[in-house]
Amino acid sequence: MLKEAIEVLNPVLGGIYVDATIGTGGHSEEILKFIGSDGRLIGIDRDIEALKITSDRLKDKRVILKKGNFSDMENILSKEGISEVDGILFDLGVSILQIKRPERGFSFNSDMSLDMRMDQEQTFSAWDVVNRYSEKELERIFKELGEERFSKRIARVIVRYRTKKTIDTCSELSKIVDRYVKRGKIHPATKVFQALRIEVNRELDELKAGLDASLRILKKAGRLCVISYHSLEDRIVKHFISDCSKKGLMKRLFKKPLIPGSDEKRVNPSSRSARLRAAEKI
Ligand SMILES: C[S@@+](CC[C@H](N)C(=O)[O-])C[C@H]1O[C@@H](n2cnc3c(N)ncnc32)[C@H](O)[C@@H]1O
């Protein structure tokens, strides 16, 4: 949803923008086309590997790249002497880079360690969740963060398996889930993997912190643009924007979220679940 996101963000000449999920810089590259030589772009990501690629890709003196979480955004900006900005973009979730590299441990079939850390400097990984959480805690995260109908059953089989050996790789976990859960179109372990990823990276808490910070950082008429990829994230964004509009702090730019067109879904199937919501600071 690159085109739609840039249209909604509406970058202006000389503006200061935050790409809070810069990844490998696709969205930022577009923003830079509109902000002229005086504009500035602060690109944040917690993935050091992505930042290295982006610093080679966007060799541009208007760009400042920083490693950090959404909850670090205000601090990062204040260290750069920036107190307010014209627009903030969040393109949530995992990057192609993270998904496609088996060693990052995000994908079902990887024989690599259960990892799923977006921030490679963090010590807590999916291995810790799968091997150290109690049955009750596993059941809770599968239910709440994966919206997994069979959360109880899956938590039970994981804990039973652990009495013999630790669960070390992504494929080992997928096979355990696969044996007990039958599903139609999606991979049987999809919801379990989603729950683990959200738990490991504290994605929902970080999103809430990032949205709250955006409200404080945006200038009057500055724009917030968020692309989410699953219903838990989208619900948080929707409620945040509607709360802010009720309180007269932000104006919602459109009621229904924008979704990708059929062409984009065909060319880029991972965009299928994308939802774009946006608001303007009052
Ligand atoms: C979908 S990708 C962004 C892709 C990017 N728009 C591009 O054009 O390449 C999401 C990125 O956000 C980062 N990310 C997710 N949650 C984050 C958080 N709480 N703080 C910082 N970065 C985060 C991930 O590491 C990942 O690189």
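Under the working numbering, think of the first position of the sequence shown as 143, with each following residue one higher.
Even glycine gets a Cβ: it sits at the ideal position worked out from N, Cα and C.
Predicted, not measured: the structure shown is a model, and the values here were computed from it.
In this structure valine 334 is in contact with isoleucine 296, their Cβ atoms being roughly 6 Å apart against a cut-off of 8 Å. Residue pairing from DSSP places cysteine 367 in a beta bridge opposite Leu231, Ala420.
Between leucine 219 and the set Arg339, Ile241, Leu183, Gly247, the nearest pair of CA atoms involves Leu183.
At least one heavy atom of ligand 1 lies closer than 8 Å to the C-beta of isoleucine 164. Counting only runs that start and end inside the stretch 235-317, the alpha helix (DSSP H) elements of at least 4 residues fall at 238-242, 268-274, 277-286, 293-304. The residue from Gly326, Lys389, Ser412 with its alpha-carbon nearest to that of lysine 423 is Lys389.
With respect to the 9 Å criterion, cysteine 386 and arginine 419 are not classified as neighbours on the basis of their beta carbons. Contact between serine 237 and alanine 192 holds, since their C-beta atoms are separated by about 6 Å, short of 8 Å. Isoleucine 369 counts as buried, since no fewer than 16 other beta carbons sit within 10 angstroms of its beta carbon.
For the pair arginine 199 and valine 299, the Cα-to-Cα distance works out to about 45 Å.
In the structure shown, leucine 144 adopts helical secondary structure according to DSSP, grouped into three states. Per DSSP, the beta-bridge partners of aspartate 187 are Lys209. Where isoleucine 164 is concerned, there is no enclosing beta strand (DSSP E), because DSSP gives it neither an H nor an E. If you compare the alpha carbons of Glu290, Ile378, Gly229, Ser170 with that of lysine 201, the shortest gap goes to Ser170. Per DSSP, arginine 408 is one residue of the alpha helix (DSSP H) stretching across 404-409. In terms of side-chain proximity, the C-beta atom of aspartate 187 is found nearer than 8 Å to a non-hydrogen atom of ligand 1. Nearest to glutamate 146 by alpha-carbon distance, out of Ala162, His329, Ile173, is Ile173.
Between alanine 355 and methionine 143 the beta-carbon gap is near 23 Å, outside 8 Å, which marks them as no contact. As a beta-bridge residue in DSSP terms, arginine 182 pairs with Ile158. One alpha carbon belongs to proline 402, the other to asparagine 410, and they sit about 10 Å apart.
The shortest CA-to-CA distance from isoleucine 283 to any of Ala337, Val342, Leu234, Gly178 is the one to Ala337.
Measuring C-alpha to C-alpha distances from lysine 398 to each of Ala421, Asp405, Lys221 identifies Ala421 as the nearest. Here glycine 229 is not near leucine 400, since their CB atoms are 9 Å or more apart. In this structure, the alpha-carbon of glycine 235 lies about 9 Å from that of histidine 372. Taking a 10 Å sphere around the C-beta of alanine 331, we find 16 or more other C-beta atoms and assign the residue as buried. Annotation: the continuous beta strand (DSSP E) that includes arginine 394 extends over 392-394. The residue among Gly364, Val154, Gly352 with its C-alpha nearest the C-alpha of phenylalanine 382 is Gly352. In terms of Cα proximity to threonine 305, the closest of Arg408, Gly156, Tyr159, Arg274 is Arg274. In this structure, ligand 1 has no non-hydrogen atom nearer than 8 Å to the beta-carbon of glutamine 264.
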